[in-house]
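Notes to accompany the following structure.
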Amino acid sequence: MKLVSYLHKELGERAGYLQHDHVLDLALAESWAQEQGRCAMQRPLPVTMAGILEAEGSGLDRARAIAEATAETPAAELPFALPLSEAHLLAPLPRPRSFRDFYAFEEHVKTARGRRGLDMVPEWYDFPVFYFSNHNAFVGPDADVECPAYTEWLDYELEIACVIGKTGRDIKPEEAAAHIAGFAVLNDWSARDVQREEVKVGLGPAKGKDFATSMGPYLLTLDELEDVRDGDRWQLTMTAKVNGQELSRGNFGTIYFSFAELIARASDGVTLYPGDVIGSGTVGTGCILELGTEVHRWLVPGDVVELEIERLGVLKNRVK
Numbered sequence: 262m263k264l265v266s267y268l269h270k271e272l273g274e275r276a277g278y279l280q281h282d283h284v285l286d287l288a289l290a291e292s293w294a295q296e297q298g299r300c301a302m303q304r305p306l307p308v309t310m311a312g313i314l315e316a317e318g319s320g321l322d323r324a325r326a327i328a329e330a331t332a333e334t335p336a337a338e339l340p341f342a343l344p345l346s347e348a349h350l351l352a353p354l355p356r357p358r359s360f361r362d363f364y365a366f367e368e369h370v371k372t373a374r375g376r377r378g379l380d381m382v383p384e385w386y387d388f389p390v391f392y393f394s395n396h397n398a399f400v401g402p403d404a405d406v407e408c409p410a411y412t413e414w415l416d417y418e419l420e421i422a423c424v425i426g427k428t429g430r431d432i433k434p435e436e437a438a439a440h441i442a443g444f445a446v447l448n449d450w451s452a453r454d455v456q457r458e459e460v461k462v463g464l465g466p467a468k469g470k471d472f473a474t475s476m477g478p479y480l481l482t483l484d485e486l487e488d489v490r491d492g493d494r495w496q497l498t499m500t501a502k503v504n505g506q507e508l509s510r511g512n513f514g515t516i517y518f519s520f521a522e523l524i525a526r527a528s529d530g531v532t533l534y535p536g537d538v539i540g541s542g543t544v545g546t547g548c549i550l551e552l553g554t555e556v557h558r559w560l561v562p563g564d565v566v567e568l569e570i571e572r573l574g575v576l577k578n579r580v581k
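Offset between the sequence shown (1-based) and my numbering: plus 261.
As C-alpha cells, then:
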C-alpha cells in the first residue's frame, strides 16, 4: 500500500493511504469501517505515521486491513476521502527518529572521486559506510527547499529511502526484509562547495548536507514490489529532471551493497527502531557532481527538481 502523511485542515498532521486519486485518513477510515461492520473494534489507531510505525508490525497490519475494508467502496463516496489534488502531503514520515545515509552505489563513488582526480578507496569494498544527517530537516513533495546563503554549488542527489518498521539489533542480512516498513524516493540536497572543504578534515559532511532532505511522495510497502524483486535487490528505474530536462537515469538494482547489508551494518552492536530512515546513497549519474557542470549548472532559486523511481512515484521540489 501507499502510505502518506498529510496536513488535515482541522486535525493537523495525519497518517493516510492512497486509494486511486484520493487520500484516505487511516484513523477515520477505521472508524467508518467499524461502523459498517467491516473491521473489528479495537483501541484507537495512532493518527500519525510515527505512531503507526512504533506499533511495529501490528500498526501496518491494521493499516492493510483498513485499506481492504474500504477497497470495495469508491473513494469519492467516502465522507472522509480527500482528492489527492487538494491534499497537502508531508514527507511520509515527517520527523524520522534518525537518518543514516549510506554510500552504496559503486558508479557514483567512482565517478564522483574521478572528477576530483582521486582513485577509488579500496576499503570502500570492505563494508558499507554511512554518516548521520539532520533528521529534523525533512520536507515532503512540492515543498520549497531554501538554498542556503553559504553555497553557490547546490546539487540534488537521487536516492532511495528505507524506513525501518521493526526494532532490531545485530540483524542478519537474511532477516533484514522483516525490519523494512517500506521504500520512498529521497533527495539528499547538497552544498558541494562547502562539502568539498569539509571532507578534507576527514570527519564527513556537515553543513554541506544538513539543511534539507526531501522524501516522498509516499511510503510503498514491500509487498507491492515482489514482482520486481531480484534476490535482495529490486529492479526499479530511477530518473531525475531539472526544469523538465532529464539529467539522471539509473536503476535501484545496481546498488553494490544491498539494503539487507546496509541494515546489517547499521544494526551491528546498535538497536534500530521503527521510524529510523536509511538512505541508499546516490545512484550512478544521480547528481550534478557526477554529470559535471558542462552538462548542467548548479541549481539556483526557481529550479524545479523532479526525482522519480518506478513504483515509488515522483518527488518534486522547487529551489527557493
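Beta carbons: idealized from backbone N, C-alpha and C, even for Gly.
Since we're looking at a predicted model, the values are computed, not measured.
P466 and I549 have their alpha carbons spaced roughly 17 Å apart.
According to DSSP, Q280 shares a beta bridge with H283. Take the alpha-carbon of V382 and the one of E567: they are about 31 Å apart.
Taking the Cβ atoms as the reference, F518 lies roughly 14 Å from W495, outside the contact range of under 8 Å. Each of A290, Y386, P353 and R323 was checked against the Cα of L339, and the nearest Cα belongs to A290. DSSP lists R579 as the bridge partner or partners of V565. Within a 10 Å sphere around the beta-carbon of D416 sit 16 or more other beta-carbons, which makes this residue buried. The alpha helix (DSSP H) runs lying completely inside the region 516-554 and spanning 4 residues or more are 520-527 and 549-552, given in chain order.
In the three-state reduction of the DSSP assignment, D471 falls in the coil class, being assigned neither a helical nor a strand state. With the rule of 3 Cβ pairs closer than 8 Å, the region 468-488 does not count as touching the region 330-339. Taking the Cβ atoms as the reference, L480 lies roughly 19 Å from G429, outside the contact range of under 8 Å. Rounded to the nearest whole angstrom, the CA to CA distance from L264 to R579 is 23 Å. Under DSSP, H269 takes part in a beta bridge, and its partners are G273. Note: D449 is not bridge-paired with any residue in the DSSP secondary-structure output. DSSP lists L447 as the bridge partner or partners of E420. Contact fails between the region 429-439 and the region 536-555, because fewer than three Cβ pairs, one in each stretch, are under 8 Å apart. In the three-state reduction of the DSSP assignment, E329 falls in the helix class. Counting of Cβ neighbours within 10 angstroms places K577 among the buried residues, the total reaching 16 or more. Beta-carbon to beta-carbon, R572 and L497 are separated by about 6 Å, close enough to satisfy the 8 Å threshold. Between T554 and R376, the alpha-carbon positions lie close to 11 Å from each other. Here the alpha carbons of K468 and V284 stand approximately 36 Å from one another. Spanning the alpha carbons of D493 and A527 requires a straight line of approximately 17 Å.
Taking C-beta atoms as the reference points, P409 and A452 count as a pair closer than 8 Å. In this structure, the beta-carbon distance from A422 to M476 falls below 8 Å. Collapsing the DSSP output to three states places M499 in a strand. Note on geometry: alpha-carbon atoms of M310 and R325 lie some 14 Å from one another. Leaving aside the five residues that flank L560 on each side, the residues in its chain whose CB is nearer than 8 Å to its CB run, in chain order, C408, L415, D416, Y417, V503, I549, V566 and V580.
Taking each of A342, V308, E329 and I524 in turn and checking the Cα distance to F360, the smallest one comes out for I524.
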